[in-house]
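Residue numbers (this note's numbering), protein chains in the order written: chain R, 1 to 204; chain P, 1 to 271.
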């Protein structure tokens with residue numbers, strides 16, 4: 001079993017009209033045993049910047065802690081929040097630093113850039129950025145996620161419609177993957193508010 | 001005076017609470033050629049005297065190289081930025097003659113008063129820091145951050161063993177998301193944001209002149225004229241495009257040094 005499939009995860013970020021949604025599953029497992037059903041994979045750095053980390057859970061937590069550290073120092077020094085594009089460059093640089101002993105994580109970054117334009121990107125475990133205009137996925141269920149998102153995605157969705165779309169794509173994909181699931185955790189972010197919702201799906 | 005007993009070691013405070021070496025460094029700055037900067041509503045101008053010590057100095061080596069870099073509407077993509085910047089480095093190191101105003105990033109320029117060689121070292125370090133920032137964040141460094149890091153370097157040299165402070169004060173002019181900015185950095189490592197400032201030989205007269213002439217809503221062209229007039233105040237001899245240097249940055253966020261022909265045009269307008 002690959003190291004990326006040790007804990008199991010599923011992540012989606014999708015772009016809507018002046019908003020974005022980022023969603024994850026809630027299972028934390030150790031190979032085939034489920035350890036937790038409320039594991040947090042998506043972290044908020046500031047009101048307009050979220051990041052989800054899939055892959056090995058210990059690396060995800062450590063990477064998150066390092067990034068929070070860097071981001072807090074940046075906020076203190078520059079007296080402003082980090083832009084999502086800047087943050088993505090920072091994550092990419094941090095991951096490449098460990099090129100020959102990498103973090104076994106695949107991050108998904110989603111945020112609102114300056115003119116309230118949604119920004120999403122993902123990268124591989126050594127920092128190769130992939131910017132997308134519609135959606136990005138990561139995790140053990142990623143193949144199903146790609147198919148599901150491609151099928152249901154429409155450009156310029158309103159927040160409520162986006163929520164429905166992402167929920168459907170996430171739940172149907174994790175149902176096909178034994179290592180991820182146990183519900184969903186989804187954030188829909190607009191310039192004015194952040195809506196956090198827990199989904200109940202097949203609890204297995 | 002009692003202080004002189006404590007001037008042998010940089011790292012020792014004198015009884016009056018001063019670090020005497022820094023005072024001496026400021027004196028070195030104060031005897032350097034005058035330079036000044038003015039922040040306008042839509043840009044910043046920095047200027048300096050460039051008096052050659054004798055007529056035997058080869059004037060062609062003191063040419064301004066701005067004409068090599070004046071790109072008109074260059075697309076500002078990431079890759080081009082890097083190429084542009086690296087080419088800048090190469091050219092500047094190769095062609096460095098005696099240009100007093102230097103570019104640190106495409107949108108930040110700097111001028112000094114004091115010791116030229118110390119200035120070269122600081123410019124080199126600042127450029128490296130700016131480029132490191134860009135490598136990490138893929139964003140141009142904000143002016144405040146670059147000034148802070150340069151000031152930190154200067155402070156290091158006031159608290160380490162076996163080194164002396166830099167004998168220069170810098171005027172850093174830049175234009176970023178926060179608008180036009182002008183900072184002065186002293187040998188001690190302290191930095192201040194100025195609307196208009198002067199340093200070097202004629203500093204008190206120049207500052208008085210600037211205080212009288214400065215208005216908050218000045219445009220960039222007015223600022224250039226004011227800068228020229230201020231330099232003229234304390235200038236010994238005939239002022240011309242060949243013995244002063246002017247650098248400007250406008251709302252296009254591109255710092256450039258004016259050619260001597262352009263300076264002569266401004267001088268004609270001022271007459």
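Using N, Cα and C, we set each Cβ at its ideal position, and we do this for glycine too.
Would you decide whether residue i is buried or exposed? Buried here means 16 or more other CB atoms lie within 10 Å of its CB.
i              : result
residue 118(P) : buried
residue 151(R) : exposed
residue 31(P)  : exposed
residue 127(P) : buried
residue 76(R)  : exposed
residue 166(R) : buried
residue 85(R)  : buried
residue 251(P) : exposed
residue 58(P)  : exposed
residue 74(P)  : Caution applies to residue 74(P), whose pLDDT of 40 falls short of 50 and renders its modelled position unreliable; the model cannot decide the point.
residue 116(R) : exposed
residue 70(P)  : Since pLDDT at residue 70(P) reaches only 40, below the 50 mark, its modelled position is unreliable, and the value read off the structure follows with that caveat. Counting Cβ neighbours within 10 Å, residue 70(P) comes out exposed, since fewer than 16 surround it.
residue 69(R)  : exposed
residue 36(R)  : exposed
residue 197(R) : exposed
residue 254(P) : buried
Of all Cβ atoms in chain R, is any one closer than 8 angstroms to the Cβ of residue i?
i              : result
residue 94(P)  : Unreliable placement is indicated for residue 94(P), whose pLDDT of 41 sits below 50; no coordinate value is reported for it.
residue 138(P) : yes
residue 142(P) : yes
residue 145(P) : yes
residue 76(P)  : Its pLDDT being 41, under 50, residue 76(P) is placed unreliably by the model, and nothing is read from it.
Using a Cβ-Cβ cut-off of 7 angstroms (strictly less than) and excluding sequence neighbours within five positions of residue i, which residues of its own chain qualify?
i              : result
residue 124(R) : 106
residue 204(R) : 181
residue 38(R)  : 26
residue 206(P) : 34, 36, 198, 230, 233 and 234
residue 58(R)  : none
For residue i and residue j, what's the separation of their Cα atoms in angstroms?
i              : j              : result
residue 191(R) : residue 71(R)  : 20 angstroms
residue 231(P) : residue 156(P) : 33 angstroms
residue 136(P) : residue 173(P) : 23 angstroms
residue 7(R)   : residue 33(R)  : 9 angstroms
residue 246(P) : residue 270(P) : 15 angstroms
residue 210(P) : residue 261(P) : 25 angstroms
residue 267(P) : residue 49(P)  : 14 angstroms
residue 240(P) : residue 189(R) : 59 angstroms
residue 55(P)  : residue 102(P) : 24 angstroms
residue 14(R)  : residue 155(R) : 10 angstroms
residue 164(R) : residue 129(R) : 27 angstroms
residue 18(R)  : residue 185(R) : 21 angstroms
residue 208(P) : residue 196(P) : 11 angstroms
residue 87(R)  : residue 202(R) : 34 angstroms
residue 104(P) : residue 62(R)  : 36 angstroms
residue 100(R) : residue 4(R)   : 16 angstroms
residue 108(P) : residue 264(P) : 24 angstroms
residue 157(R) : residue 127(R) : 29 angstroms
residue 223(P) : residue 98(R)  : 50 angstroms
Against chain P, does residue i count as a neighbour if the rule is that its beta carbon must be under 8 angstroms from one of theirs?
i              : result
residue 27(R)  : no
residue 86(R)  : yes
residue 89(R)  : yes
residue 215(R) : There is no way to answer for residue 215(R), as the model of chain R reaches only from 1 to 204.
residue 10(R)  : no
residue 93(R)  : yes
In chain order, what residues of the same chain have a beta carbon less than 6 angstroms from the beta carbon of residue i, not counting five sequence neighbours either side?
i              : result
residue 11(R)  : 24, 52, 54, 108, 138 and 139
residue 194(P) : 182 and 184
residue 48(R)  : 111 and 112
residue 213(P) : 226
residue 91(R)  : 107
residue 191(P) : 147, 151, 183 and 185
residue 81(R)  : 46
residue 224(R) : Given that chain R is displayed from residue 1 to residue 204, the structure contains no residue 224(R) and the question cannot be resolved.
residue 163(P) : 157
residue 39(P)  : 180, 182 and 195
residue 113(P) : 29, 32, 35, 169, 199 and 200
CB-CB under 8 angstroms to residue i, same chain, minus the five flanking residues each way: which ones, in chain order?
i              : result
residue 142(P) : 176, 177 and 178
residue 237(P) : 51 and 243
residue 66(R)  : 94
residue 168(R) : 148 and 152
residue 165(P) : 10, 21, 22, 25, 154, 157, 158, 187 and 188
At least 3 beta-carbon pairs within less than 8 angstroms: the segment 184-195 of chain P vs the segment 18-27 of chain P: yes
Three or more C-beta pairs under 8 angstroms: does that hold for the segment 153-170 of chain P against the segment 106-125 of chain P? yes
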